Amino acid sequence: MTLTLDCNGRPLVLGRPCVMGVLNITPDSFSDGGTYLPADAALVRAKRMWEEGADIIDIGAESTRPGAPAVTQEEELRRLLPVLEAVAAEVPLPISIDTSKAAVMRAAWSLGAGLMNDVTALRADPLALETIAGLGVPVCLMHMRGTPQNMQENTHYRDVVAEVKDFLFERVAQCVAAGIPRHHLLVDPGFGFAKDLEANRTLLRHLDDLASIEVPLLVGLSRKRMIGELSGVESASERVAGSVAAALWAVSRGACIVRVHDVAETVQALRVWRGLS
Ligand code: HH2
1 MTLTLDCNGR PLVLGRPCVM GVLNITPDSF SDGGTYLPAD AALVRAKRMW EEGADIIDIG
61 AESTRPGAPA VTQEEELRRL LPVLEAVAAE VPLPISIDTS KAAVMRAAWS LGAGLMNDVT
121 ALRADPLALE TIAGLGVPVC LMHMRGTPQN MQENTHYRDV VAEVKDFLFE RVAQCVAAGI
181 PRHHLLVDPG FGFAKDLEAN RTLLRHLDDL ASIEVPLLVG LSRKRMIGEL SGVESASERV
241 AGSVAAALWA VSRGACIVRV HDVAETVQAL RVWRGLS
C-alpha cells in the first residue's frame with residue numbers, strides 16, 4: 001500500500017522515491033549560503049525546483065553545518081515567514097521547515113507548512129514533542145550527537161549502525177507515546193552530523209538495516225563533505241554528479257526521500273533508475 005503523508009492539506013505520495021529540494025534562506029549555509037537570502041530570490045528558486053520536478057521543498061532559516069552559530073527565534077522567524085508565505089501562495093507543493101524550535105513550527109504551520117524537519121529529533125526544544133502532536137503535522141526525526149557547534153568532536157562509534165538505529169527506534173517510540181501517529185513519522189540517519197567519512201560510509205553501506213524501524217527513510221547527502229572526500233572535489237557547488245550518485249545508492253537501499261540541492265539532475269537520474277528497475 002502506498003503511503004501518502006498529509007502535509008497540511010498537500011499530499012506527499014511516497015509510492016516512488018521523492019525529491020526534497022533544499023531552500024536555504026541563510027547567510028552561512030555550507031554550499032549556498034547567502035544566495036537565497038533575499039525573499040524574491042528564494043521564491044524564484046522555489047518555483048524553479050517545482051518546475052524541475054521536486055516533490056517537496058525544505059526551507060531552512062538556520063544553518064546546521066559544523067560550527068554554524070545558533071540563530072535566535074526572532075531572527076529565524078524574521079527570515080522564514082515572508083518567504084514561506086510567498087512560496088506557499090505560489091508553489092503548490094508540500095513545504096517542509098528545517099527547524100528545531102516549537103514556536104517556529106507553530107508559526108510555519110499556520111502559514112501552510114506541512115512537514116517539520118528537526119535535525120535534533122524533537123530534543124532541543126522541550127515544547128517540540130507536544131507541539132508536533134498538537135498540530136498533527138508529520139515530522140522527520142534525524143540522528144545527531146551534540147549540536148552543530150560541537151558535533152564533529154564526537155564522531156567515534158563502537159557500532160554506528162546499531163547506535164543510530166537504537167536512537168531512531170527510541171525517538172519513534174517517544175513520539176508515539178506523546179501522541180504523534182506513527183504514520184506521521186520519517187527518520188533520517190543524519191549524514192555528516194557527528195559522523196566522519198568512515199561512519200557515513202558504514203551507514204550508507206548498511207542503510208537497508210534501518211528498514212526494521214518501519215518508518216520511511218529520508219537521507220541528505222547532497223554536496224556534503226563526504227561527497228567531496230570521496231570524489232576529490234573541493235568546491236561544494238561542484239559536487240553535483242557525486243551527490244546524484246550517492247542519492248541513487250541511497251534509494252537503491254531503501255531511502256524514500258532524498259534531500260538535494262540539485263533537483264533537476266536528481267529527478268532525471270531517478271527517472272532513468274526507475275525506468276530500468
Ligand atoms: N542536512 C542539512 C540540513 N538539514 N535535514 C535532514 N533531515 N537531513 C540532513 O541530512 C540535513 C538536514 C545540512 O545541509 P544544508 O541545509 O544544505 O546546509 P546548512 O545546514 O549549512 O544550511
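Under this note's numbering, the sequence shown has 224 at position 224, and the numbering climbs by one with no breaks. Cβ atoms here follow ideal geometry from the backbone N, Cα and C, with glycine treated the same way. Everything numeric in this text was worked out from a predicted model, so none of it was measured.
{"Check": "Proximity test, residue 30 beta-carbon vs the ligand HH2 heavy atom, cut-off 7 Å", "Outcome": "yes"}
{"Check": "First through last residue of the beta strand (DSSP E) which encompasses residue 132", "Outcome": "Taken as a continuous stretch (DSSP letters only), residue 132 belongs to no beta strand (DSSP E), being part of the alpha helix (DSSP H) at 128-135."}
{"Check": "C-alpha gap between residue 199 and residue 206, whole angstroms", "Outcome": "11 Å"}
{"Check": "Assigned secondary structure, residue 213 (DSSP; H/G/I helix, E/B strand, else coil)", "Outcome": "helix"}
{"Check": "Range covered by the alpha helix (DSSP H) that runs through residue 82", "Outcome": "73-90"}
{"Check": "Backbone secondary structure at residue 200 - three-state DSSP", "Outcome": "helix"}
{"Check": "Closer than 7 Å: residue 22 CB and nearest the ligand HH2 heavy atom", "Outcome": "yes"}
{"Check": "Residue 143 burial status per 10 Å Cβ neighbour count (16 or more: buried)", "Outcome": "buried"}
{"Check": "Status (buried if at least 16 other CB within 10 Å, exposed otherwise) for residue 38", "Outcome": "exposed"}
{"Check": "Cβ contact check for the stretch 87-95 and the stretch 240-251: 3 or more pairs under 8 Å", "Outcome": "no"}
{"Check": "Pair within 8 Å by beta-carbon distance, residue 266 and residue 272", "Outcome": "no"}
{"Check": "Nonlocal neighbours in the same chain, by C-beta distance under 7 Å from residue 231, ignoring five residues either side", "Outcome": "239, 242"}
{"Check": "Residue 51, buried or exposed, once every other Cβ within 10 Å from all chains shown has been counted against 16", "Outcome": "exposed"}
{"Check": "Limits of the unbroken alpha helix (DSSP H) element including residue 259", "Outcome": "It is not in any alpha helix (DSSP H) - residue 259 instead sits in the beta strand (DSSP E) that spans 257-260."}
{"Check": "One or two residues paired with residue 96 in a DSSP bridge", "Outcome": "58, 115"}
{"Check": "For residue 271, the first and last residue of its enclosing alpha helix (DSSP H)", "Outcome": "263-276"}
{"Check": "Ranges of the beta strand (DSSP E) found wholly within the stretch 137-173, counting only runs of at least 3", "Outcome": "139-142"}
{"Check": "Where residue 76 falls, given that 16 or more other Cβ within 10 Å makes a residue buried", "Outcome": "buried"}
{"Check": "As assigned by DSSP and simplified to three states, the class of residue 208", "Outcome": "helix"}
{"Check": "Three-state secondary structure assigned by DSSP to residue 230", "Outcome": "helix"}
{"Check": "Residue 10 - DSSP class collapsed to helix/strand/coil", "Outcome": "strand"}
{"Check": "Outcome for residue 126 when other beta-carbon atoms lying within 10 angstroms are tallied against a minimum of 16", "Outcome": "exposed"}
{"Check": "Supposed close pair residue 224, residue 192 - CB separation, criterion 8 Å", "Outcome": "5 Å"}
{"Check": "When 7, 3, 25 are compared against residue 15, the one with the closest alpha-carbon", "Outcome": "3"}
{"Check": "Residue 218 - DSSP class collapsed to helix/strand/coil", "Outcome": "strand"}
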